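Protein chains in written order, with this note's numbering: chain A, 1014 to 1241; chain B, 520 to 858.
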Amino acid sequence: MREPTPWDRVFDLVISATGDTVYMVGIATLLAALGGIPLGIVLHMTSPTGLSPRRITHRVLGAVVDVGRSLPFVVLLVVLSAFTRALVQTTIGPTAVIVPLTVGAVPFVARLVESALREVNVAVVEAAITTGASRLRLVRSVLLREAGPALVAAIGVTAVTLIGYSAMAGVIGGGGLGDLAIRHGYQRNDERILLASVLVLGGLAWLTQLTSDFIARTIDRRRSALRV
Amino acid sequence: MITVENLTKSFPGKGDHVLALDGVSLSVPAGTVCGVVGPSGAGKSTLARCVALLERPDRGSIRVEGVDLVALRGRELRDARRRIGVVPQGDSLLRQRTAAGNVALPLESAGMAAPARRARVAELLDLVGLTNKAGSYPDQLSGGQRQRVAVARALAASPSVLLADEPTSALDPETTGSVLAVLDRVRSELGVTVLVVTHDMAVVRRICDDVAVLEAGRVVEHGKVLDLLTQPGSRITASLLPEVDQAGSTPREVGQYDVVAEVVLVGFAAVGALLPEAAHRHDVELAILGGGLTRLGETPVARFKIGINGERSERALSWLAERDAVIRRAPRDIGGLAA
Ligand SMILES: Nc1ncnc2c1ncn2[C@@H]1O[C@H](COP(=O)(O)OP(=O)(O)OP(=O)(O)O)[C@@H](O)[C@H]1O
Ligand SMILES: [Mg+2]
């Protein structure tokens, strides 16, 4: 039996791993939003009930997105390693993990965005159309603004999901809290590290959800939001 | 001025097509209010949506101020939409924007600069009596207030034409009054031509100059409300005028009179003085057995069931008819009036 790792050492390890996780998930969420939101908008616009119905485009994009979404993250991690190396010159560490995280999250965000936009009341959009608004204005001032709270919630859900995925990246030495929990905690049977990293991981997910709920509620002007 | 000619619109349905509009022609003179009434599914909303340029008709033309709008596309279509104010059926305000923000939307579309926009929005909110609600969100407004914001939004870009689809359908009579008052001001103060779809005859009575009855996609009746009233066989007269068969006019009582008839009187003078004068001139006893008084816009209108006793009863009745009272005789032996 080894001596248990001293708490201050546990603390240092967890802090550093938390930084890695926040970095990976933060950047991946940002990139996924940058890619997924436009993709979701296009998916919605081209749908039969959208502002510019394009059946073929919609079908093809939808198929690509669904295939992307159905690939298990662990598979992406492996399959994308060549691509990752080409992009960031390494396949291990947090920066390398951002690549598969982003690729996995873009189609996820796209579908969430599409369904958020679909929820915007058709009568409201039509009323805006009758004001002579251009398509760009309809997207920006009507669709995105009316769906704002749902979009924030979608990004929140994505971030929480990515926290989970980033932990899986520990399996291939991706760094971050999951890596710490698996390699230091589990494989070396270090209960303190295992416990601390799992707790912080859970807390991080919880905090992320709380923040996204708060922002969604703050920007929502519907009655349910005013009742707080 | 709105001119709709031979408008036809069908929707693909299960098996055969649904013919929602079947050669509708309609003309609304500038500065007047035209009501479109008819049973559910008659095609009223489809007509309104075609004129609002939300739906492309299969055939026919829609001209506003003489310009045919059916064939327009792209930028021209958007510019044309700005010249037609629309109050859609149901809730249509952006829920994430304030009342002022909603009213500003058409002005943003038109590219108006922010300071001018603010001034115009204030003006419009004043017109609909909601200056103090500028910063409220739709969910903080009552149904009637929301509808008035929708009217203000529809008017923002100074359209010459306003379309309203069931603007009062979800409102109680009092709130309906506030919305109708706004529509009335729109016509009288701004000279806007208004087309209003409604199933509520109170709307027709209060603000409509003309009315069109739509049934199964066809216009079955169209004309000035006051003209239709006096036209025999008109479908809407019955629903516009007060009921005649009320308590107190039982067949037995009706049987006491030499002549029983239903009279429709239009206008202040007729409603006020015609019946007593007829009785006086012809020396007959004239009793009102039922019916009542209402108003069409500013014009008082009455429908009464009258009973006349005396030698010159028939003369009195013809005298009334000569003075433009619309008379419908009740078959004497039945004793009651056919509805
Ligand atoms: N988008 C559509 N697709 C298919 N059928 C439609 C569509 N819109 C309307 N219709 C059909 O066209 C007919 C006319 O509908 P419309 O909505 O114009 O009726 P309405 O007179 O406004 O009725 P209501 O008083 O109930 O509002 C109906 O038979 C309806 O089912
Ligand atoms: Mg309708």
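Positions of the beta carbon are idealized from the N, C-alpha and C atoms, including for glycine.
Quick caveat, the model's predicted, so the values are computed rather than measured.
- Going by beta carbons, residue 677 of chain B and residue 618 of chain B fall outside the 7 Å limit.
- DSSP lists no bridge partner for residue 1227 of chain A.
- At least 7 Å separates the CB of residue 641 of chain B from every CB of chain A.
- In this structure, DSSP gives residue 537 of chain B an extended state, which the three-state scheme calls strand.
- In summary, the residues of the stretch 619-640 of chain B whose CB is separated from some CB of chain A by less than 8 Å are 624, 625, 627, 628, 629, in the order they occur in the chain.
- Contact between the stretch 705-723 of chain B and the stretch 548-556 of chain B is established, with three or more Cβ pairs separated by less than 8 Å.
- The beta-bridge partner set that DSSP reports for residue 828 of chain B consists of B:804.
- Of the candidates B:535, B:804, B:567, B:684, the residue whose Cα lies closest to the Cα of residue 523 of chain B is B:567.
- For residue 1205 of chain A, there are no neighbours in chain B by C-beta distance under 8 Å, as the nearest C-beta there is about 48 Å away.
- Residue 1050 of chain A: member of the alpha helix (DSSP H) spanning 1020-1059, first to last residue.
- With a threshold of 16 other beta carbon atoms within 10 Å, residue 667 of chain B meets it and is buried.
- With a cut-off of 6 Å, the C-beta of residue 688 of chain B is classified as distant from ligand 2, since no heavy atom of the ligand falls inside that distance.
- When DSSP assignments are scanned along the stretch 627-691 of chain B, the uninterrupted stretches of alpha helix (DSSP H) that are 4 or more residues long and fall wholly within it turn out to be 633-646, 662-674.
- In this structure, residue 564 of chain B has its CB closer than 6 Å to one or more heavy atoms of ligand 2.
- Measuring C-alpha to C-alpha distances from residue 763 of chain B to each of B:778, B:755, B:783, B:664 identifies B:783 as the nearest.
- Along the stretch 1158-1189 of chain A, the positions whose C-beta sits under 7 Å from a C-beta of chain B are 1158, 1159, 1161, read in chain order.
- Collapsing the DSSP output to three states places residue 581 of chain B in a strand.
- With distances taken between CA atoms, residue 1222 of chain A lies nearest to A:1176 out of A:1176, A:1106, A:1018.
- Beta-bridge analysis with DSSP links residue 553 of chain B to B:714, B:729.
- Closest in C-alpha terms to residue 684 of chain B, from the list B:674, B:664, B:692, B:714, comes B:714.
- Take residue 1057 of chain A, set aside five residues on each side of it, and the residues of its chain with a beta-carbon closer than 7 Å to its own are 1063, 1127, 1130, 1131, in chain order.
- Taking residue 759 of chain B as reference, the option from B:640, B:663, B:806, B:726 with the minimal CA-CA separation is B:726.
- Non-local C-beta neighbours of residue 1082 of chain A in its own chain, meaning closer than 7 Å and more than five positions away in sequence, comprise 1120, 1121, 1124, ordered along the chain.
- CA-CA distance, residue 802 of chain B to residue 736 of chain B, rounds to 51 Å.
- Taking the Cα of residue 1049 of chain A as reference, the smallest distance to any Cα among A:1216, A:1116, A:1236 is reached at A:1116.
- As summarised for the stretch 733-770 of chain B, the continuous beta strand (DSSP E) elements at least 3 residues long and confined to that stretch are 737-743, given in chain order.
- For the pair residue 1180 of chain A and residue 1155 of chain A, the Cα-to-Cα distance works out to about 37 Å.
- For residue 1128 of chain A, the uninterrupted alpha helix (DSSP H) segment begins and ends at 1107-1131.
- In the three-state DSSP reduction, residue 703 of chain B falls in the helix class (H, G or I).
- Not flagged as an interface residue toward chain B: residue 1046 of chain A, since no C-beta distance is shorter than 7 Å.
- Taking 7 Å as the threshold, the shortest C-beta distance from residue 1063 of chain A to chain B does not fall below it.
- For residue 780 of chain B, the beta-bridge partners assigned by DSSP are B:825, B:848.
- Proximity to residue 751 of chain B across B:846, B:630, B:598, B:621 peaks at B:846, based on C-alpha coordinates.
- Rounded to the nearest whole angstrom, the CA to CA distance from residue 796 of chain B to residue 828 of chain B is 15 Å.
- One finds 1143 in chain A with Cβ atoms closer than 8 Å to the Cβ of residue 571 of chain B, taken in chain order.
- The C-beta of residue 1118 of chain A comes no closer than 7 Å to any C-beta of chain B.
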